[in-house]
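The block underneath contains the structure these notes are about, expressed in C-alpha cells.
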Amino acid sequence: MEYDFRAIEPKWQKKWQEDGTYRVDVDASRPKFYVLDMFPYPSGAGLHVGHPLGYIASDIYSRYKRQMGFNVLHPMGYDAFGLPAEQYAIQTGQHPAVTTEENINRYRSQLDKIGFSYDWSREVRTCDAEYYHWTQWAFLEMFDHWYNNKTNKAEHIDRLKAHFAEHGTEGIDAAQSAELKFTADEWRAMSHEQQEQTLQNYRLAFRADTMVNWCPALGTVLANDEVKEGLSVRGGHPVEQKQMKQWLLRVNAYAQRMLDGLDSLEWSESLKEIQRNWIGRSVGAQVFFDIAGSERKLEIFTTRPDTIYGVTFMVIAPEHQWVEELTTEDNREAVEAYIAETKRRSERERIADTKRVSGVKTGSYAINPFTGRQIPIYISDYVLASYGTGAIMAVPAHDSRDYAFARHFGLEIIPVVEGGNLEVESYDAKEGKVINSEIINGMDVKDAIHFMFEEVERRGLGKKLINYRLRDAIFSRQRYWGEPFPIYYKDNVAYRLKDEQLPLTLPPIENFGPTEEGEPPLARVEGWHTAEGYPYELSTMPGFAGSSAYYLRYMDPRNNKGLVSKEANDYWRNVDLYVGGIEHATGHLMYSRFWNMFLYDLGYVCEQEPFKKLVNQGMIQGRSNFVYRVVGTNSFVSLGLKDNYQTQEIHVDVNIVKNDILDLDAFRKWRPEFNDAEFILEDGKYVCGWAIEKMSKSMFNVVNPDYIVDAYGADTLRMYEMFLGPLEQSKPWDTNGIDGVHKFLRRFWGKFYSRDGKLLVNDEKATPAELKVLHKTIKKVREDIENFSFNTSVAAFMICLNELGDCSKREILEPLTALIAPFAPHIAEELWHALGHETTVCDAKYPEFKPEYLVESSFEYPVMINGKLRFKQEYALDMSQDAIIADIVTTDGAQKWLEGKQPKKIIVVKGKIINIVM
RNA sequence: GCGGAUAUGGUGUAAUUGGUAGCCACGUCAGACUUAGGAUCUGAUGCCGAGAGGCGUGGGGGUUCGAGUCCCUUUAUCCGCACCA
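So, in C-alpha cells, the structure goes:
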C-alpha cells in the first residue's frame, strides 16, 4: 500500500476538528504551557510558504509539550484592523469588513491544510466589537491613570486630583509631559476646563499638541516605529513633521521598567539590544544657562558636564519655542529664512545630508555658568527639537558635530580633555585627563563627569537627569478602519464613556477617504455623537492597539465581563513561548510590554512581562527562476549554453520549474506569447537560472503552501520547512530538496506496510543494536526540540531509518511514531491507529530516553586538555570506533600520570592521545 | 559613524561544544530492476593528484599536543540604530 497522503491528511484533519482534539481548558491538575504565534494580518495576497515557518515550529513545540503532559494553550486569530484593507477599500469601494472577512476565510483554509493544533474555539479578531470592547476599555483605564514615580506604578487619577486639591504639585513626582508647579489654591482656582487641561499633563492616555510624523499620502499620523528613513513603512510615502493635537500613550513612564525587564527574558541578545537602543537611556545633566539681558534661562541636556569649560557656543533647534524671543532685530530676516528652508526640507532630506553644515545666528548670548563668558546662541537643524530639551551646549573640541559647526562658522575651539589632534578632528572619547577647566583640572574624564553632576546641583544650575530616547506613542490615526475612541468632547474638554457604554462600535460608512476639510472619515458619519449630542473623537486607534493585549484575550476569549478573568489569568499567566518575526522588535513587542505592565500595576494580570521566551524565525526569501530568450526570437536557451547567444533574462513562474528544470509544456501554456516557444536544450533538459530575491508576485517566485500540500502533503511541507536550516536564520525558499523529505516519509510508511498493503509490524524482540538506534534518536530529537534545532532533528529521523534497515518491530516503531508525531502529525496518527491504538497520537506519551540502551560500559575517563587530565562522565558512544589503541604513550604528562596505572585503552588519533580509558 | 550577527563542498547544512571536518539531504556520476522514468534500489562523490600523497572551514597572525570552534587582526555580507548632545 502506498503512502496516500491525499487521503490520510484530510481524513484526520476532519476527525480532529469533529472531536475537538485541540480544545483546551483550565485544568489545575496539570501544568500549563502557553505557545503563541504572532497572529497574522490577513492580507489579500494570502499566505505564502514563508508565513507558516514559525507556525510549524511552534506547532511542533506545542505538540511535543502536550505529549510531555502539559496542558498546552495554542491559539490563533487575526490582526484585522489596518491600513491595507482601508487603502483597498478606497480604491475599490468595497467595505473593509467584507474584504477582511474574505481574506480571513482564505487564510483559515490555507492554515487548516497544514494540520496545526490550534484551539480555534478561542479565535479572536481585533475588528470584532466584542474584542475591541477591551481595547477601548484598556485605553480608558490609561486615561484614568497617571504614573507615580515614587511608587513606580500607575495610580488612579482621582488620587492625583485629591493631592492637587490639598497640596498642589508639592510632593508629586509623576511621569509628565512638562514640569508643572502650582499650589492647592491655584488648583482650586482653576476652571474645570483648566483643570482638565492640566490633568492631560499626567494621564497615561492623554491628548496633547505634539510634533508628529504626518504622512500626507496616507492622510494620517504615524508612530515612530511606522516610519523609516523619513518614509512610511507601509507604502513608502514621504513623512513630514507637523504640530498636531493627538492622543498619546505615556510609554515613556515605563522606560526604565521596560529596560530592566529585558534581563529576565529569554529573548535573543540581539533583540534585547534593539529594544535597549530604542529605549535609549542616557544619564546626563540638565543645566540652565543664563541669557544675557534676559530673565530666561536656556535649559540644555548633556552627558558630558566635564566639558562645560569647553563650551564656546550654544545651539537650539529651529523648532525651539524661544527662537522668536532669542532672535535680535538685525538677525530676524536670516533666521526666518533659515526656518522656512528647514520646514521645506523633508525629514528624509534632512537625514540624507547629515554632512551638510548649516545654521544661523540668533544674535543673543548665553553665559557659561562656570567661566562667566558670553557665548553666542545659534540655530541649526543638527539639533533635534524632539530629543532632550531641543537645545545644546556646544563643545567643539569634543563633539564631532559641534566641531564641524565651529569650523564652518569659524568659532573658537577650546580643548578641555587631553588627546586627539584638534587640527583634524574632535576628540570624542570619554577618556583622558581634563585640562583648561579650573576646578576639575587633572581629573580623569570619568571622575570629572561624576564630580560635575554634583557640582551642577551644588551650584543650583540644574540636576542629574536620566533621559530616554523612547518617546510617548502617538495613538490616534486619521483613518476609518480601526477602533473608535470611547471619548466625546464638551466645551473642548475630552470625557470618557462609562464602562457600561462600551463597546463604542465602528459605524458603517461608504466613503473611506478624508473629508474635504481634511478631517478623518468618521466626520462623514451623521449621528457620530453621544445621545446628548456631544461629538465623539473622529480619529481611530492605531494598528498596535488591537495587538497589544491579544495574548491575554486568548486566555478567556468569550468573557463579556472583563478582558480576562482572574481565574483564567492566574492559570495561564503569560506566554511561555512566543514565535514571530523580528520586525516587531520596536513596535508590537514594545507596546505589548507597556500595555501588560500597565495592567499588571492595576492588578488585572499577574505577570509583569507578557512573553517569557521569544524565538524569532528567519524570513523566507524567494528563489526566482529565469529563462533566457535569444534576443529577437521566440527561442529560449538553457542556462549552460546561454553564453553562446545574446540573450534576455526573463523571470519565469517558479511553480512550473522543478529542480531548476523547466516544464516545457507548462511554460508554453503559461502565457500566450510563449505558445510557440522553441527551446535550445542541454542533455535534453532546459535548465533555468536562479537568484535570491524578495518573495513577490512581480518576480513570479511566490510559492503557495497549498501547492506544496497538494503535491507532497502537509507532513512533507512541515518537515521540509524545518529541514531547510536553522529556524532563526533567513533563507531562500528552495523546493529542490523536498523530494528527500518526502522520500523519508514514504520509507517510514514502508516500515509499516508492504507494497501490497500487508501490515509488516510484528512483535519480535528488538535487538540491542536496534534499541540503541531508537534511543539515540530519542535523545537527539528531544534535545533538539528543546533547543529549537528542528533541522537536525529531521536529520536524526532520517539517520534512524537508514540505520534500522528493514526492521518492522513494534517495539521500535511504536515509540518512533510517537516521537515523530509533532513533526508529521497526519502520518503519525494514521500509523498510530494501524498499530491498534484507539486514542489520538497527540496524547501519546512522548518516548523517554533510556541511557542504558546506549551504553556498553559507563565510566569516568580522563581527557588530556592543555596538558591537564580532566575527568568526564560520558556514555561510551562508539568512542573507540576508528581510533588506534596505542602501544606507547608519547606525551610526557600522560606518561607521568600513567605511572603504575593500568589503562584499558589509550586512544590515539594520528599519533596523539585523545583519551585514556581506565 | 555606533551596535549586533554571519562566513564550512556544486547547493541547503552538520560537527559529541577544544578531540578523526563535511553527518543528513539535494545535485552529479556509475550500476541494478524496468517497455519507459523526473519511480524504486545499490554504490561513489571536499579539492589537487594516475598513485603515494598533499591541501582544505573568507584572508593573515596567535594560544594549544590538538582550533571550524578560543584570542588578536582584516575583508565581505546581512540586520538594527543613526545629527540622541
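Quick note, the first sequence lines up with residues 376 to 1293 if you use the working numbering.
The beta carbon of each residue, even a glycine, is placed where N, CA and C say it ideally should be.
query, result
"Quick one: what's H904 bridged to in DSSP?", "P910"
"Indicate whether H1117 and F1224 have their beta-carbon atoms separated by less than 8 Å.", "no"
"Going by the C-beta, is H567 closer than 7 Å to any heavy atom of the ligand COA?", "No copy of the ligand COA appears in this structure; indeed no ligand is present at all."
"If you draw a straight line from the C-alpha of N437 to the C-alpha of L555, how long is it?", "According to the sequence shown, residue 437 is Ser rather than Asn. Rounded to whole angstroms, S437 to L555 spans 52 Å at the Cα level."
"Say whether the region 395 to 413 touches the region 428 to 447, bearing in mind that this needs 3 or more beta-carbon pairs closer than 8 Å, one atom from each stretch.", "yes"
"In terms of alpha-carbon separation, which member of Q511, Y1228, V1012 and G747 lies closest to F1001?", "V1012"
"Are the CB atoms of P910 and Y855 within a distance shorter than 8 Å?", "no"
"What does the Cβ neighbour count give for E1096, buried or exposed, with the cut at 16 atoms within 10 Å?", "buried"
"Buried or exposed, going by whether 16 or more other CB atoms sit within 10 Å of the CB of T1265?", "With a pLDDT of 35 at T1265, under the threshold of 50, the modelled position of this residue cannot be trusted, and the question is left open."
"Taking the C-alpha atoms as reference points, what is the distance between Q392 and R497?", "14 Å"
"Going by DSSP, what residue range makes up the alpha helix (DSSP H) through L535?", "I532 to H542"
"Are Y832 and Y507 close, meaning C-beta to C-beta below 8 Å?", "With the sequence shown as reference, residue 832 is identified as Glu, and Tyr is not the correct amino acid for it. No; because the gap between Cβ atoms is not below 8 Å, this pair is not in contact."
"Nearest by alpha-carbon distance to S923: which of C981, N971 and A709 is it?", "N971"
"Could you tell me if P406 is buried or exposed, where buried requires 16 or more neighbouring beta carbons within 10 angstroms of its beta carbon?", "exposed"
"So which of N588, K1017 and Q1021 has the shortest CA-CA distance to G1007?", "Q1021"
"Pull up the CB-CB distance for K1147 and L1188, whole angstroms please, since I reckon it's below 8 Å.", "So it is not a contact: roughly 16 Å between Cβ atoms."
"Is the number of C-beta pairs between the region 615 to 624 and the region 793 to 810 that are closer than 8 Å three or more?", "no"
"I need the DSSP call for K647, collapsed to helix, strand or coil.", "helix"
"My understanding is that D705 touches S733, with C-beta atoms under 8 Å, so please give their C-beta distance in whole angstroms.", "Between S733 and D705 the Cβ distance is about 20 Å, and since that is not below 8 Å, they are no contact."
"Roughly how many angstroms separate the alpha carbons of G655 and E699, rounded to a whole number?", "31 Å"
"Helix or strand or just coil, what does DSSP make of H959?", "helix"
"Comparing alpha-carbon positions, which option in K1033, E568, N1009 and E615 lies nearest V587?", "E615"
"Taking the beta strand (DSSP E) that K1140 falls in, what are its first and last residues?", "Taken as a continuous stretch (DSSP letters only), K1140 belongs to no beta strand (DSSP E), as it is neither H nor E."
"Quick check: the Cα distance between F919 and L1135, rounded to an integer number of angstroms?", "55 Å"
"Apply the 10 Å Cβ neighbour rule to V626 and answer buried if 16 or more other Cβ atoms are within range, or exposed otherwise.", "buried"
"Output the residue ranges of the alpha helix (DSSP H) runs that lie fully inside the region 1029 to 1113 and measure 4 residues or longer, sorted by chain position.", "1039 to 1045, 1080 to 1087 and 1089 to 1098"
"Alpha carbon to alpha carbon, how far is G765 from F676? Give it in angstroms, no decimals.", "9 Å"
"Among residues of its own chain, excluding the 5 on either side of A779, which ones have a beta-carbon nearer than 7 Å to its beta-carbon?", "V732"
"Leaving out five residues on either side along the sequence, give the residues of the same chain with a beta carbon under 7 Å from the beta carbon of K390.", "none"
"Determine the DSSP secondary structure at L1176, reduced to helix, strand or coil.", "helix"
"Between the Cα of L974 and those of H1212, K528, R500 and E1057, spot the shortest distance and give me the residue it belongs to.", "K528"
"For Q661, does the count of other Cβ atoms within 10 angstroms reach 16, so buried, or fall short, so exposed?", "buried"
"What does the alpha-carbon distance come out to for the pair A869 and A583?", "11 Å"
"Taking I1113 and T1091 to be in contact with their CB atoms under 8 Å, please state how far apart those CB atoms are, rounded to whole angstroms.", "7 Å"
"In three-state terms, what does DSSP make of N944?", "helix"
"Can you give the beta carbon distance from A898 to Q442, rounded, assuming they're within the 8 Å contact cut?", "Actually they do not touch by this definition, with Cβ atoms about 55 Å apart."
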